[in-house]
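Colleague: Before I ask anything, here is the structure I am working with.
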């Protein structure tokens, strides 16, 4: 593998000799490696079977977040989605949490969310896990979320035979009534798009970094809702976010329907183990 990594770094303009490489954890989709030269360390994701534009889209998301100058992301060194050359090279980030890390994460995410796009959505189809996420630009967040997010997962679930019967009927009813819980006048914030606890890391001096975005413009509460799905973000994080950019009154009403998207994704990826959580949200809004 050293020769392969040497070639990838040379393509990125790094002329230093690779002296060490080792496999590291980096998600379940790609192979991930720490690659070292005498002067630097790099994080390399490699996946010969990656879908078209997979690493290009991740690089774009990181660069768009970085452009806000609010929260850290790893520097993008190089990437490719060419056949047999599908990889992403990032700076290596490592460090230990401090008492301020969670506070910084909340404050800086809130600062990122104060950056706005012109419309909701994104120009290119992205990925959530290994599922392709169709996109497009919409003036209405409600329409985008209904037609591009929930409807896409509903259709996929029907194809995969995990959404049928009463579950399908309720989802279709919910889509027709979304305006009861999601208002029209929502600003298109810069969003990470896949903000669970595994998609941020700690750098030097306890500074938080966002990783693995599925970038879009949309309701900032959509990002926040996903942080609460698996319950791994701290009280300090939420306090810091609220102190910087307080959530709107409608967030309490729309949070479960935002979490529904991620649970539908998990249902379509991993099966019926996530079915009861999907059904519970549908019952919350529509009754039994």
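Numbering (my numbering), first residue to last: 1 to 288. Think of the CB as a built atom: it goes at the ideal place given N, C-alpha and C, for glycine as much as any other residue. Since we're looking at a predicted model, the values are computed, not measured.
Do residue 219 and residue 192 count as a contact pair if the criterion is CB distance below 7 Å?
Modeller: No; because the gap between Cβ atoms is not below 7 Å, this pair is not in contact.
Colleague: By Cβ distance below 8 Å, which residues in the same chain neighbour residue 81 in space, the five residues on each side in sequence not counted?
Modeller: 50, 52, 53, 54, 55 and 56
Colleague: How do the stretch 122–131 and the stretch 231–249 stand: do at least 3 beta-carbon pairs fall below 8 Å, yes or no?
Modeller: Because the criterion of three Cβ pairs below 8 Å is not met, the stretch 122–131 and the stretch 231–249 do not touch.
Colleague: If we count the other Cβ atoms within 10 Å of its Cβ and call it buried at 16 or more, is residue 276 buried or exposed?
Modeller: exposed
Colleague: By how many angstroms is the C-alpha of residue 92 removed from the C-alpha of residue 5?
Modeller: 14 Å
Colleague: Work out the CA separation of residue 279 and residue 161 for me, nearest whole Å.
Modeller: Distance between the alpha carbons of residue 161 and residue 279 is about 15 Å.
Colleague: Bridge partners of residue 32, per DSSP?
Modeller: Note: residue 32 sits in a beta bridge opposite 45.
Colleague: Using 8 Å as the Cβ pair cut-off and three pairs as the minimum, do the stretch 207–219 and the stretch 184–191 touch?
Modeller: yes
Colleague: What's the C-alpha gap between residue 60 and residue 177?
Modeller: For residue 60 and residue 177, the distance between alpha carbons rounds to 34 Å.
Colleague: Am I right that residue 264 and residue 227 are in contact with their C-beta atoms under 8 Å? What's the rounded C-beta distance?
Modeller: Rounded to whole angstroms, the Cβ separation of residue 264 and residue 227 is 17 Å, and the two are not in contact under 8 Å.
Colleague: In terms of residue numbering, what span does the alpha helix (DSSP H) encompassing residue 174 cover?
Modeller: 165–176
Colleague: Just to confirm the assignment, what range does the beta strand (DSSP E) spanning residue 63 have?
Modeller: First-last for residue 63: 54–67, but that is the alpha helix (DSSP H), not the beta strand (DSSP E).
Colleague: Ends of the beta strand (DSSP E) at residue 133?
Modeller: 131–133 is the span of the beta strand (DSSP E), which, as asked, contains residue 133.
Colleague: Could you give the residue range of the alpha helix (DSSP H) that holds residue 283?
Modeller: 275–286
Colleague: Could you work out which residue in 169, 206, 167 and 180 is closest to residue 252 when comparing CA atoms only?
Modeller: 180
Colleague: Would residue 146 be called buried (16 or more neighbouring beta carbons within 10 Å of its own) or exposed?
Modeller: By the 16-neighbour rule on beta-carbons within 10 angstroms, residue 146 is buried.
Colleague: Under the rule that 16 or more other beta-carbon atoms within 10 Å means buried, what is residue 78, buried or exposed?
Modeller: buried
Colleague: Spell out the partners DSSP gives residue 90 in its beta bridges.
Modeller: 43 and 76
Colleague: May I ask you to report which of helix, strand or coil DSSP gives residue 147?
Modeller: helix
Colleague: For the stretch 125–142 against the stretch 240–249, are there 3 or more C-beta pairs whose distance is under 8 Å?
Modeller: no
Colleague: What would DSSP say about residue 268, mapped onto helix, strand or coil?
Modeller: Three-state result, residue 268: helix.
Colleague: Quick one: what does DSSP say residue 23 is sitting in, helix, strand or coil?
Modeller: strand
Colleague: Is it buried or exposed for residue 139, if we count other Cβ within 10 angstroms and need 16 for buried?
Modeller: exposed
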